[in-house]
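Under numbering that gives the first Met the number 0, the first residue of the sequence shown carries the number 0, and numbering increases by one thereafter.
Each residue gets a CB set at the ideal place from its N, CA and C atoms; glycine is no exception.
Treat the numbers as computed from the prediction; the structure is a model and nothing was measured.
Report on the following structure.
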Amino acid sequence: MEGHCGHARYVWNLAVEQQSWWNPRCGPAPSYHEQSRQLTEARRENPWLAAGSQTVQQQALRDFATAMASFFRGSHRRPSWRKRGRSAGFRIVAVKPTDVRVLNLRWSAGHRQVAFAAVPDPIPGTGTGTGTGTIVGVDRGVAVSAALSTGALLHCPGLRPGEQARLLRLQRRLARAKRGSNRRTRLKAQIGRVKAREVDRRKDWVEKTSTSLARRYDLIRVEDLRIGHMTRSARGTLAEPGRNMRQKAGLNRSILSHGWGLLVARLEQKAPGRVEKINPAWTSQTCNTCGTRDRQARESQAVFGCRACGQQANADVNAARNIALGHQWATTWVTARGGDANRRPANREPQHCTPPLPVDG
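Here it is as structure tokens:
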């Protein structure tokens with residue numbers, strides 16, 4: 000497996016180098032088929048490369064061609080160099096049942112991932128096609144990973160206190176280790192195994208939560224959050240350095256560790272056409288009972304107290320119920336107060352939008 004990863008990385012980096020030296024005046028850059036022909040010549044002249052899987056090496060070129068197409072479309076950045084020990088992986092096709100074997104964990108790094116390209120069928124809702132489907136609103140947060148309009152509070156599992164302490168010790172030892180040493184390599188592997196546990200638990204929670212929501216509800220409403228903008232670094236530039244960088248970095252880590260984007264992505268895949276994204280403006284400051292919008296109504300991170308009608312509720316659940324209402328009150332309610340119903344808020348802790356009427360979960 001390490002050999003496959005090394006060959007795939009080597010071929011990818013060759014393609015990156017070739018692309019970086021290409022001059023548009025010489026005509027179009029080599030296509031995937033031309034690079035595959037060049038790969039055949041390289042394998043003929045280099046026995047160590049020919050000893051590897053040609054399929055793995057060709058798939059690395061195909062992945063590079065896909066990455067370049069995404070770059071020219073403007074949806075992704077230009078493909079860059081791949082470094083040993085970071086995001087190592089390879090892709091292989093035409094796998095037969097006899098090609099899959101179970102190996103002893105001692106033969107590998109202790110953590111393996113195999114992904115099979117199979118598209119599962121969508122999960123049907125409770126009232127699909129009957130017109131009696133149920134609606135749920137999902138408010139994503141840091142203290143509570145996902146609050147539902149039904150009142151349920153869902154928490155994404157992370158590292159246990161003992162594991163967090165171990166990770167901190169390993170990171171401190173890594174900072175003192177000499178670059179290129181065997182000790183540093185071992186420490187990086189140990190840190191990777193600890194972090195892999197956190198990633199596995201987050202993915203497992205997202206899969207179970209998204210499946211449960213797709214099965215129980217016919218329409219799932221979530222906030223339309225620009226997570227990429229919200230988690231952007233606050234470092235700034237030399238001319239205009241950023242402020243509160245450590246606090247912002249901590250918030251970014253918290254947002255990413257709760258799987259905000261992954262949860263919505265899996266919901267859209269499991270319940271296609273049944274996930275609706277709602278403008279997040281003011282939903283955390285609007286009372287779900289009377290519709291009063293008050294900045295001071297959120298008494299704390301967890302408590303929402305309306306000063307107009309006296310409602311006391313969990314702040315995240317109140318926001319989730321506003322999200323579940325969708326756009327039916329958004330335009331009239333925000334416009335009546337002199338605002339713009341279509342204006343997006345700044346990239347900060349989401350300020351939600353939508354008013355009254357409880358939604359039956």
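For Ala-68, the uninterrupted alpha helix (DSSP H) run begins and ends at 53-72, by DSSP. Inclusion of Leu-186 and Ala-195 in the CB contact set at 8 Å is not warranted, their separation being larger than that value.
As DSSP reads the structure, Lys-276 sits in a beta bridge with Val-221. The three-state reading of DSSP puts Val-137 in strand, counting E and B together. Put simply, the backbone Cα of Gln-310 is about 36 Å away from that of Asp-203.
DSSP places Gln-311 inside the beta strand (DSSP E), whose first and last residues are 311-313. Between the alpha carbons of Val-143 and Val-92 lies a gap of roughly 41 Å. Membership of Leu-147 in the beta strand (DSSP E) is indicated by the continuous run 145-147.
The Cβ-Cβ distance between Leu-218 and Arg-273 falls below 8 Å. Counting C-beta pairs with one atom in each stretch, the stretch 304-323 and the stretch 264-271 have fewer than three that are closer than 8 Å, which means they do not touch. Counting along the chain, Gly-260 sits inside no beta strand (DSSP E); it lies in the alpha helix (DSSP H) bounded by residues 259-269. By the Cβ neighbour-count rule, Cys-289 is exposed, with fewer than 16 other Cβ atoms within 10 Å of its own.
Contact between Arg-90 and Asn-12 does not hold, since the beta-carbon distance rounds to 16 Å and is not under 8 Å.
Using a 10 angstroms sphere on the CB of Arg-320, the tally of other CB atoms reaches 16 or more, which defines it as buried.
Out of Val-221, Trp-47 and Arg-294, the CA that lies nearest to the CA of Asn-278 is found in Val-221. For Arg-292, the three-state secondary structure derived from DSSP is strand. Under DSSP, the beta-bridge partners assigned to Val-302 are Asn-313. Listed as beta-bridge partners of Thr-285 by DSSP are Arg-292.
Inclusion of Val-135 and Tyr-216 in the CB contact set at 8 Å is warranted, their separation being smaller than that value. Just so you know, the alpha carbons of Arg-168 and Gln-246 end up roughly 22 Å apart. Short of 8 Å from the beta carbon of Asn-313, and not among the five residues preceding or following it, lie these beta carbons of its own chain, in chain order: Ala-146, Gly-150, Leu-152, Ala-301, Val-302 and Phe-303. When the beta-carbon positions are compared, Ala-213 and Ile-122 come within less than 8 Å of each other. Remark: C-beta atoms of Ala-14 and Leu-48 do not approach each other more closely than 8 Å.
Proximity to Ala-280 across Ala-318, Ala-117 and Ala-64 peaks at Ala-318, based on C-alpha coordinates.
In this structure, Pro-160 lies away from Arg-200, with their beta-carbon atoms at least 8 Å apart.
Apart from sequence neighbours up to five positions away, the residues of its chain that approach Glu-275 with a beta-carbon distance below 6 Å are Arg-220, ordered along the chain. The beta carbon of Gln-34 sits closer than 7 Å to those of Ala-14 and Leu-60, all from its chain and outside the five residues before and after it, given in chain order. Put simply, the backbone Cα of Trp-21 is about 7 Å away from that of Ala-28.
Secondary structure note for Asn-45: it is in no alpha helix (DSSP H), with a DSSP letter that is neither H nor E.
Taking the Cα of Arg-8 as reference, the smallest distance to any Cα among Arg-24, Pro-23 and Ser-52 is reached at Ser-52. In the structure shown, the three-state DSSP call for Leu-255 is helix.
If you ignore the 5 residues before and after Ser-256, its C-beta comes within less than 8 Å of the C-beta of Cys-155, Gly-157, Glu-197 and Arg-201, all in its own chain and listed in chain order.
Within its own chain, no residue has a Cβ closer than 8 Å to the Cβ of Lys-207 once the five positions on either side in sequence are excluded. A straight-line Cα-Cα distance of about 35 Å links Gly-258 and Glu-16. The closest CA to that of Ser-148, considering only Ser-283, Thr-65, Pro-46 and Val-113, is found on Ser-283.
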